[in-house]
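Report on one structure; see the data block that follows.
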Amino acid sequence: MFSISEIFRRRSHSGRTIRNSYLDNHGYYKSEEDRKPISRNGHSAPAIPYAVTDLLESKLNKEMSIFVRWDIYSYRWALHRGGHAASCCVKLKKKSSSGHRHFVRNSSVSAEELAAFSSDHQHSFDLMIFDGPDKHKEVPVILNMLAPRGIVIMTDDFSDPYDFDRALEQFTQAGFKSFQITNPAPLFHELTAAVLYRAENFVGF
């Protein structure tokens, strides 16, 4: 079993504790200087607290499926890190005016559209990054899309002080356990995320 306290006791490959490595060249100040999320081996880091990212990096494998609701950088990370990645909001636009392919986000996806996406996709996900605004209406759909041993990382984007709490309450009523982490994240001095899981989960909580 994985102990939550291990998140802050584990050491990075450089030998520094994860907590102390946040504010070095892998952390918040470098993100602010570059004005973009940190990169990891040339790929975007997800817009979730660094402690959660390090935890996921140690547990994910190329056979797992990842769903990202909102953030483009998180979706790019999922494409690199998992075996299958999907998003209802983020799409790869084939051509821009310069001829390059790039990612775009549809910022008006509703719970009904997410349900239609789920029906068309017919795929369960091991990891779901449940981010962006107006989440609480979509919790029932997210529950249907989650694999039996899957976990949900839900972030608080600060746009609605009640949205995060209302969504968290629905997960709790559905039998999920959770803990919250507030730590630095790409382009955030502090970001809160709830890690939601059932008794049987791939991380081993």
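What the sequence shown shows, in my numbering, is residues 1 to 205, in sequence order. Backbone N, C-alpha and C fix where the C-beta goes; we use that ideal spot for every residue, glycine too. Remember, predicted model here, so these are calculated numbers, not experimental data.
Whole-angstrom distance between residue j and residue i, CA atom to CA atom
i: proline 189; j: isoleucine 48; result: Note that residue 189 corresponds to histidine in the displayed sequence, not to proline. If you take the alpha carbons of histidine 189 and isoleucine 48, they lie about 11 angstroms apart.
i: proline 148; j: serine 124; result: 9 angstroms
i: glycine 204; j: glycine 150; result: 11 angstroms
i: arginine 69; j: proline 46; result: 12 angstroms
i: glutamate 200; j: aspartate 71; result: 27 angstroms
i: alanine 78; j: serine 110; result: 22 angstroms
i: tyrosine 225; j: isoleucine 181; result: The structure shown does not extend to residue 225, since the chain spans only 1 to 205, so no value can be given for it.
i: aspartate 54; j: alanine 116; result: 32 angstroms
i: histidine 84; j: lysine 62; result: 8 angstroms
i: histidine 80; j: cysteine 89; result: 18 angstroms
i: valine 104; j: isoleucine 129; result: 17 angstroms
i: tyrosine 50; j: asparagine 183; result: 7 angstroms
i: aspartate 156; j: threonine 172; result: 16 angstroms
i: alanine 86; j: glutamate 112; result: 17 angstroms
i: glycine 82; j: leucine 191; result: 23 angstroms
i: arginine 198; j: leucine 60; result: 17 angstroms
8 angstroms Cβ cutoff met for residue i and residue j
i: alanine 185; j: methionine 154; result: no
i: methionine 64; j: leucine 114; result: no
i: leucine 196; j: phenylalanine 176; result: yes
i: glutamine 170; j: histidine 136; result: yes
i: phenylalanine 202; j: methionine 145; result: no
i: leucine 143; j: alanine 167; result: no
Integer Cβ distance of residue i from residue j, believed to fall under 8 angstroms
i: serine 118; j: valine 139; result: That belief does not hold up - the Cβ atoms of serine 118 and valine 139 are roughly 13 angstroms apart, past 8 angstroms.
i: aspartate 131; j: serine 74; result: 7 angstroms
Residue i classed as buried or exposed, judged by whether at least 16 other C-beta atoms fall within 10 angstroms
i: phenylalanine 158; result: exposed
i: phenylalanine 179; result: exposed
i: isoleucine 152; result: One detail in the question is off: residue 152 reads as valine in this sequence, not isoleucine. Buried, by the Cβ-count rule.
i: valine 52; result: buried
i: arginine 76; result: buried
i: histidine 13; result: Note that histidine 13 has pLDDT 47, beneath the 50 cutoff, so the model's placement of it is unreliable and the number below is only indicative. The residue in question, histidine 13, is exposed, as its Cβ has fewer than 16 Cβ neighbours within 10 Å.
i: leucine 56; result: buried
Selection from the options that minimises the alpha carbon distance to residue i
i: aspartate 160; options: Ser74, Leu191, Pro133 and Gly82; result: Pro133
i: lysine 91; options: His80, His84, Gly83 and Asn106; result: Asn106
Beta carbon proximity, residue i to chain D, threshold 8 angstroms
i: arginine 166; result: In the structure shown, chain D cannot be found, because there is only a single protein chain.
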